[in-house]
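Read in order, the letters of the sequence shown are residues 671 to 850 in the numbering used here.
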Amino acid sequence: MLVKNLLFIVLLGFVSLGIAQTNFHTFVVKDIDGNDFPLSQLKGKKVMVVNTASKCGLTPQYEDLQALYEKYGDKNFVIIGFPANNFMGQEPGTNSEIKNFCTSRFNVTFPMMEKISVKGNDMHPLYQWLTQKSKNGVMDSEVRWNFQKYLIDENGNLVDMIPPKDKPNVQKVIDWIEGR
Numbered sequence: 671m672l673v674k675n676l677l678f679i680v681l682l683g684f685v686s687l688g689i690a691q692t693n694f695h696t697f698v699v700k701d702i703d704g705n706d707f708p709l710s711q712l713k714g715k716k717v718m719v720v721n722t723a724s725k726c727g728l729t730p731q732y733e734d735l736q737a738l739y740e741k742y743g744d745k746n747f748v749i750i751g752f753p754a755n756n757f758m759g760q761e762p763g764t765n766s767e768i769k770n771f772c773t774s775r776f777n778v779t780f781p782m783m784e785k786i787s788v789k790g791n792d793m794h795p796l797y798q799w800l801t802q803k804s805k806n807g808v809m810d811s812e813v814r815w816n817f818q819k820y821l822i823d824e825n826g827n828l829v830d831m832i833p834p835k836d837k838p839n840v841q842k843v844i845d846w847i848e849g850r
């Protein structure tokens, strides 16, 4: 009984301190074809999460993302793209149209998820976790534009955020992937 009470008090303490209760691997999202995509299947891999758009000045970053995925995809690294229409209507397409655009124009082979909201009142729960220190235990951030990147370690913990204008293959990201 004493052990149960102590455990309850410790857990209550964590909750009141705002320590993150979940990690990246606890989420299940939908892929671009509408199938469940449990992020737990990415345990043991470093992950870059990026919100994408097809009609943005930064859309050519798809090419850099694909090149990075081709170079490191077999080294326990994965990129997952989340199309979002939160910035000036730059991702108006349906999931099917987005998939066709990504594969035909940029030969994207990294996993693409269904279109979601990455800010505002309808923000997807994963992006709530990514952007709120009270949920991720690391940092607060705001998704400022398309192609903002979040780095997740092998254990499902948020590591860092890379601003939209920084290309996905900046040295900081390469060093992180390569463990330097």
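By construction, the Cβ of each residue, glycine as well, lies at the ideal position given by its N, Cα and C atoms.
Quiz item: At what residues does the beta strand (DSSP E) containing Asp-830 begin and finish?
Solution: 828-832
Exercise. Take Ile-832 and list the residues in its own chain whose beta-carbon comes closer than 6 Å to its own, dropping the five residues that flank it on each side.
Key: Lys-819
Quiz item: In chain order, what residues of the same chain have a beta carbon less than 7 Å from the beta carbon of Asp-706, not counting five sequence neighbours either side?
Solution: Val-698, Lys-700
Practice problem: Buried or exposed for Ile-786, please, with buried defined as at least 16 other CB atoms from any protein chain shown within 10 angstroms of its CB. | Solution: buried
Quiz item: In three-state terms, what does DSSP make of Val-788?
Solution: coil
Exercise. Could you pull out every residue in the same chain whose Cβ sits closer than 7 Å to the Cβ of Gly-714, ignoring the five residues on either side in sequence?
Key: Asn-746, Glu-824
Quiz item: Between Ile-702 and the rest of its own chain, which residues show a CB-CB distance below 7 Å, the 5 nearest in sequence each way excluded?
Solution: Asn-765, Ile-768, Lys-769, Met-782, Met-783, Glu-784
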